[in-house]
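Q:
Numbering (our numbering), first residue to last: 184 to 378.
(1) Would you report the Cα separation of residue 294 and residue 232, rounded to the nearest angstrom?
(2) Could you give the first and the last residue of the continuous alpha helix (DSSP H) run that contains residue 307?
(3) Measure the C-alpha to C-alpha separation of residue 266 and residue 207 and round it to an integer number of angstroms.
(4) When DSSP labels each residue in this structure, what does residue 210 get in the three-state scheme?
(5) Measuring alpha carbon to alpha carbon, tell me which residue in 241, 214, 213, 212 is nearest residue 379.
(6) Which residue from 309, 248, 203 puts its Cα closest to that of residue 220?
(7) Please classify residue 190 as buried or exposed, where buried requires at least 16 neighbouring CB atoms within 10 angstroms.
(8) What residue from 275, 308, 218, 319 has the CA that sits closest to residue 286's CA?
(9) For a test of the three-state rule: what should DSSP assign to residue 201, helix, strand or coil?
(10) How big is the Cα-Cα spacing for residue 275 and residue 324?
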């Protein structure tokens, strides 16, 4: 088989989307794509569960892709809980929302601390506070994607790179990446797959 190389210090550049509406469009496209891939590959992944050489990879992929469907069905599960036990549901709703919000914030803080990027600027704190809204907005997008698939994908226009880092450090990193790209071109741009 093939082994994929991994570098802890790799730097990737992705141009950020500048408004929430475009973010919703892009993430709906992602959700539709994940759901379509699961439908196309479900048989192979399920069969792979029973093959010794691929069962752990098939299980992992199956769980990851099926999570989109689980989240898409979450509003219906919550609606059933509301209909069947309205008093319990309404009493527990504030606690559920608070726990979910804190869980997402804690997860963001853990990731930032592992990445050693836990600088507390005003933008970072605002991003951490608003991050749960971004995460929870996936649920209605997934539910919508369950019933209305995206078959035509519109290009997402980008207007410029924005970052929390100082411009000078980004420029230095960009120059470093361009120099490495030139070296890669000279080596016929081999893929980053180790054999």
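Each residue gets a CB set at the ideal place from its N, CA and C atoms; glycine is no exception. Small disclaimer: the values here were computed from a predicted structure and weren't measured.
A: Inspection of the coordinates gives the following:
(1) As a working mapping, residue 294 is identified with position 111 in the chain shown. As a working mapping, residue 232 is identified with position 49 in the chain shown. The straight-line gap from Cα to Cα measures roughly 30 angstroms.
(2) The sequence position of residue 307 within the chain shown is 124, counting from 1. 305-319 is the extent of the alpha helix (DSSP H) around residue 307.
(3) Counting from one through the chain shown, the residue named residue 266 turns up at place 83. Counting from one through the chain shown, the residue named residue 207 turns up at place 24. In a straight line, the C-alpha of residue 266 is about 29 angstroms away from that of residue 207.
(4) Here residue 210 is taken as the residue at index 27 of the chain shown, counted from 1. Reduced to three states, the DSSP call for residue 210 is helix.
(5) What is shown of the chain runs 184 to 378, which leaves residue 379 out entirely.
(6) The residue given as residue 220 occupies position 37 in the chain shown. Checked all of 309, 248, 203; the closest Cα to residue 220 is 248.
(7) Within the chain shown, residue 190 is the residue found at index 7, counting from 1. With fewer than 16 Cβ atoms within 10 Å of its Cβ, residue 190 is classed as exposed.
(8) On the chain shown, residue 286 is found 103 positions in, with the first residue counted as 1. Out of 275, 308, 218, 319, 319 has the C-alpha closest to the C-alpha of residue 286.
(9) As a working note, residue 201 is residue 18 in the chain shown. Three-state result, residue 201: coil.
(10) Walking along the chain shown from the start, residue 275 turns up at place 92. Walking along the chain shown from the start, residue 324 turns up at place 141. Approximately 24 angstroms between the Cα atoms of the pair.
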